[in-house]
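> Under our numbering, the letters of the sequence shown match residues 32 to 192, in that order.
Even for Gly, the Cβ is constructed at its ideal location relative to N, Cα and C.
Structure below; questions to follow.
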Amino acid sequence: MLIDLRSILDRPGARISFNTELDFSDFMFGAQKPVKEPVYVSGEIFNKAGVIFLLADVVTNLHCVCDRCAADFTREYRSRIETLLCEKPDEDDTESYPIENDSVEVDEIITSAFVLDMDSRFLCRPDCRGICAKCGADLNDGPCGCAEETDSRWAALKDLF
Ligand SMILES: [Zn+2]
Ligand SMILES: [Zn+2]
Numbered sequence: 032m033l034i035d036l037r038s039i040l041d042r043p044g045a046r047i048s049f050n051t052e053l054d055f056s057d058f059m060f061g062a063q064k065p066v067k068e069p070v071y072v073s074g075e076i077f078n079k080a081g082v083i084f085l086l087a088d089v090v091t092n093l094h095c096v097c098d099r100c101a102a103d104f105t106r107e108y109r110s111r112i113e114t115l116l117c118e119k120p121d122e123d124d125t126e127s128y129p130i131e132n133d134s135v136e137v138d139e140i141i142t143s144a145f146v147l148d149m150d151s152r153f154l155c156r157p158d159c160r161g162i163c164a165k166c167g168a169d170l171n172d173g174p175c176g177c178a179e180e181t182d183s184r185w186a187a188l189k190d191l192f
């Protein structure tokens, strides 16, 4: 989505609102394609004392497979993008996005921010216990018989020191 900035470029206080929907369903994160739903973006570009800012809220649902226990789960994704837009950003300026011909390509900004922000690892919950490597039991459902055995081996190791 190309946004024409001529109405705000030389007008401090002026703003433009925008809404867009992006499709990242083919994007790989980790070994998965979790962005199966549309990504909704609502944002604003405004001129504050001659500096052009872009703010955007990005929302979707991620459909993932847990990297530890292999369970399917859905998680809401929300993030806020805040960046500067510059007519001639310096080459080493990684904070700003370029304004070209008085307009800005919003999809590119959202896409690169989204990719940078996304996890490459997905857990159904931060403390997921995963699957027992020995018997394949889902350890979130409670300990399997193997756990005790491992514990006693660790205890034996500790005794050595
Ligand atoms: Zn899990
Ligand atoms: Zn087990």
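What residues in its chain sit with their C-beta under 7 angstroms from that of G44, if we drop five residues either side in the sequence?
Once the five neighbours on either side are set aside, the close Cβ partners of G44 are N78.
> Do K79 and ligand 2 come close, with the Cβ less than 7 angstroms from some heavy atom?
Not so, every heavy atom of ligand 2 lies at least 7 angstroms from the Cβ.
> So which of G81, R42, S151, I76 has the shortest CA-CA distance to F58?
Of G81, R42, S151, I76, the residue nearest in Cα terms is S151.
> With a 10 Å radius around its C-beta and 16 neighbouring C-beta atoms as the bar for buried, classify I74 as buried or exposed.
Looking at the sequence itself, residue 74 is Gly, so the reference to Ile does not match. Counting Cβ neighbours within 10 Å, G74 comes out buried, since at least 16 surround it.
> Who are the near neighbours of Y71 in its chain, counting only those whose CB is closer than 7 angstroms to its CB and skipping five residues on each side?
The residues are E52, V90, T91.
> Would you kindly report the start and end of the unbroken alpha helix (DSSP H) that includes T142?
Where T142 is concerned, the enclosing alpha helix (DSSP H) stretches over 137-148.
> Kindly indicate the opening and closing residues of the beta strand (DSSP E) around R42.
Segment: none, R42 is in no beta strand (DSSP E) and carries neither H nor E.
> By DSSP, does C117 sit in helix, in strand, or in coil?
It is a strand residue.
> What did DSSP end up calling C177 once you bin it into helix, strand or coil?
C177 falls in the helix class under three-state DSSP.
> Looking at ligand 1, does it come within less than 7 angstroms of A102, judged from the CB to the closest heavy atom?
Checking the Cβ of A102 against ligand 1 gives yes.
> Hey, is C159 close to ligand 2, as in C-beta under 7 angstroms from one of its heavy atoms?
Answer for C159: no, Cβ out of range of ligand 2.
> Using a Cβ-Cβ cutoff of less than 7 angstroms, which residues in the same chain neighbour C100 once the five nearest sequence positions on both sides are dropped?
Counting only Cβ-Cβ distances below 7 angstroms, and skipping sequence neighbours, we find C155, C159, G161, I162, D169, N171.
> What does a CB cutoff of less than 6 angstroms around A102 pick up in its chain, not counting 5 residues either side in sequence?
Only C155 meet the Cβ criterion.
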